[in-house]
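If you read the sequence shown in the working numbering, its first letter stands for residue 18, the second for the next number, and so on. For reference, the structure is listed below as structure tokens.
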Amino acid sequence: SQSVHRRIRLYRDGFLLIKRQEINDIQKFINFIKKINNNSENFELQNKQKGCFTLKKNQSKNPFFVDFLFSSGLIHKIIAYTGIIPYLSNYKHYLNKGSSEELGWHRDTYSHKSSAVIGTIPPQYKLAIYSSLADKNNACMQILSGTHKIDFNSKYVDKLLALIRWRRAFVNVEEGEIG
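Below, the structure written as structure tokens:
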């Protein structure tokens with residue numbers, strides 16, 4: 018089935034793209050985000066990356082975000098593709114103005130060769146709903162495909178993998194796609 022194929026791909030690559038056509042009311046979400054983005058009072062400067070802003074605390078409590086996960090059917094796709102019922106711990110909305118410093122490559126979760134999971138339990142998945150085109154010229158994220166399964170148990174090897182750009186891929190997405 019499509020869900021099994023996607024789950025295998027997610028495990029193999031560590032990344033999965035969901036096309037906008039698969040999600041109900043994605044344009045409603047995009048319009049809501051654009052409205053938020055047009056008001057700079059909704060944002061505060063993020064400490065880790067200069068030039069990158071996140072929603073202020075009062076804005077991040079808006080029920081629209083969680084409601085959208087359910088009303089769009091996205092939560093059911095997440096369960097089907099990951100094989101787990103997600104624990105929704107937090108969400109962030111980023112807005113870049115001009116250039117921003119890179120957040121260094123890192124892993125949040127990866128699979129150990131002994132089938133153990135290193136990192137958060139349950140494994141942490143990041144869900145990005147892109148409100149605009151992202152490609153190699155402006156992408157906010159790059160993927161080092163398959164590295165979530167490599168276990169050298171060394172932050173130095175992790176940094177070396179990022180420097181040599183082994184299996185590096187840019188996230189190329191259209192507005193409304195989800196990765």
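Each residue gets a CB set at the ideal place from its N, CA and C atoms; glycine is no exception.
In this structure, Phe46 sits away from Phe60, with a CB-CB distance that is not shorter than 9 angstroms.
Between Val190 and Leu34, the beta carbon gap of about 7 angstroms places them in contact (Cβ cut-off 8 angstroms). With a contact defined as Cβ atoms closer than 8 angstroms, Glu192 and Ser149 qualify at about 5 angstroms. Exposed is the label assigned to Leu62, since fewer than 16 other Cβ atoms lie within 10 Å of its Cβ.
In this structure, the alpha-carbon of Asn64 lies about 43 angstroms from that of Ser18. For Leu27, the secondary structure class from DSSP, reduced to helix, strand or coil, is helix. Pairing Leu105 with Lys36, the inter-Cα distance amounts to about 22 angstroms.
If you check the CB distance, Gly100 and Arg24 come in under 9 angstroms. Around the beta carbon of Phe81, a 10 Å sphere encloses fewer than 16 other beta carbons of the protein chains shown; the residue is thus reported as exposed. Here His110 really is in contact with Leu72; their C-beta atoms are around 5 angstroms apart, less than 8 angstroms. Take Lys153, set aside five residues on each side of it, and the residues of its chain with a beta-carbon closer than 6 angstroms to its own are Phe187, in chain order.
The shortest CA-to-CA distance from Tyr142 to any of Tyr173, Val83, Pro103 and Leu177 is the one to Pro103.
In this structure, DSSP gives Ala97 a helical state, which the three-state scheme calls helix.
If you look at Phe85, you'll find it in the alpha helix (DSSP H) that goes Phe81 to Ser88.
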